[in-house]
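So the structure is just underneath, and the comments pick up after that.
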Amino acid sequence: MHEHRRRFLTLSKRPQEGPWQAFCRRVQRALEAPLIDEQEKDGYHCARVLLQDLGDLPSLRQLCQEYDVAMVLEGTATADTIIGRSCLIVSAGVRLSGTEALGEHACLALPGTSVAHMQALGYEQFSQVPPELTLAQWLAMPQWHDCRPGCTANSGLERVHALFADGQTAVLGGFGVNDESPLRLPALQRLIPALFEQLSEPDIVRCAAMPRWPLAYRLDALKPRLGDINLAQLFLGHGGTLIWCQELVLRRLRHPNIVTDTVLSEADHEFVTGVHHHLEGNIKALFDPGGVFVYPDEWPAAR
């Protein structure tokens, strides 16, 4: 009798759940949203999920960190470009779209707001940007921003509400003598001085003298030729590698002179080829040392 009962209980047990299956189950439970589990390739997995509530972001980030899964903004990296780990590709749902006017010439926008919506509102800095992109994708992609050093103000980006890789959040924007509020945020007390130290490095100084900013991260936003120092503009073209964008404040620009491509000399190109991994790696390590988000070499950046 006991032997038959043991056999019955043994046969009734569920198959052991692997780490990827546990991750997917917990993501679905946390977001209460369907998850598409794509085909495994070379031992690594990829899934897609639609984010409808910014309040779910902390849980999503925590799970990606716990299971060593890359948290990827849709439209940047893909499963084929992620190196040595599985990934979760996150899209913005319709509830993460919309704007709120801030006076006559600015607005607060959610990350899933379409570029088409901004074009309809008369934000002319988006005139050459594909209308189907979201604002989070526009922020992440370098090819839609003024490439000249010190000209990040041509984006009209005033502030970004960012989720950092360690789970802290902060609103980043103008920074100067009259606005030192970022230094009061624990997440930024270490980052901001380190970023300004980078500006004085000889390799960065040479990059700033080129006709086109050649690095993935816009340190030149901290030494502007147009406008004022703005920490939010550091993330123009960051590829989803440094932060997760939750909200943006944008200023409406009329007839901005945006230059998106300038050719580097052969000497400058060779110099950048030799130093960009080191320089970009230093900045990535400041924001995301554990690689919760994508690494710079995991997305097809326009250089």
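Just so you know, we're using the numbering used here here: the sequence shown kicks off at 703 and counts up by one.
We put the CB at the ideal spot given by N, CA and C, even for glycine.
{"Item": "Limits of the alpha helix (DSSP H) - the one that Val974 falls within", "Value": "Glu968 to Phe989"}
{"Item": "Simplified DSSP state of Gly917, which is helix, strand or coil", "Value": "The question names Gly, but residue 917 in the sequence shown is Leu. If DSSP states are grouped into helix, strand and coil, Leu917 belongs with coil."}
{"Item": "Touching by the beta-carbon criterion (3+ pairs, under 8 Å), the stretch 823-838 and the stretch 907-914", "Value": "no"}
{"Item": "Assigned exposure category for Ile785 - 16 Cβ within 10 Å defines buried", "Value": "exposed"}
{"Item": "Asn932 - partner residues in DSSP beta bridges", "Value": "Gly876"}
{"Item": "Cβ separation of Leu917 and His979, assumed to be a contact under 8 Å, to the nearest whole Å", "Value": "In fact, because the Cβ distance is near 10 Å, the residues do not count as touching under 8 Å."}
{"Item": "Beta-carbon separation (whole angstroms), Arg954 vs Gly858, contact threshold 8 Å", "Value": "7 Å"}
{"Item": "Bridge partners - Met773, DSSP secondary structure assignment", "Value": "Leu790"}
{"Item": "Through-space distance from Glu734 to Pro998, alpha-carbon basis", "Value": "31 Å"}
{"Item": "Member of Gln870, Ala855 and Gly814 whose CA lies at the smallest distance from the CA of Pro958", "Value": "Ala855"}
{"Item": "Touch test, the stretch 980-993 against the stretch 924-931, Cβ-Cβ under 8 Å, three pairs minimum", "Value": "no"}
{"Item": "Short CB-CB distance (under 7 Å) between Gly745 and chain C", "Value": "Absent from the structure is chain C; it holds one protein chain and no more."}
{"Item": "Segment contact, 8 Å Cβ cut-off, at least three pairs: the stretch 960-977 with the stretch 863-880", "Value": "no"}
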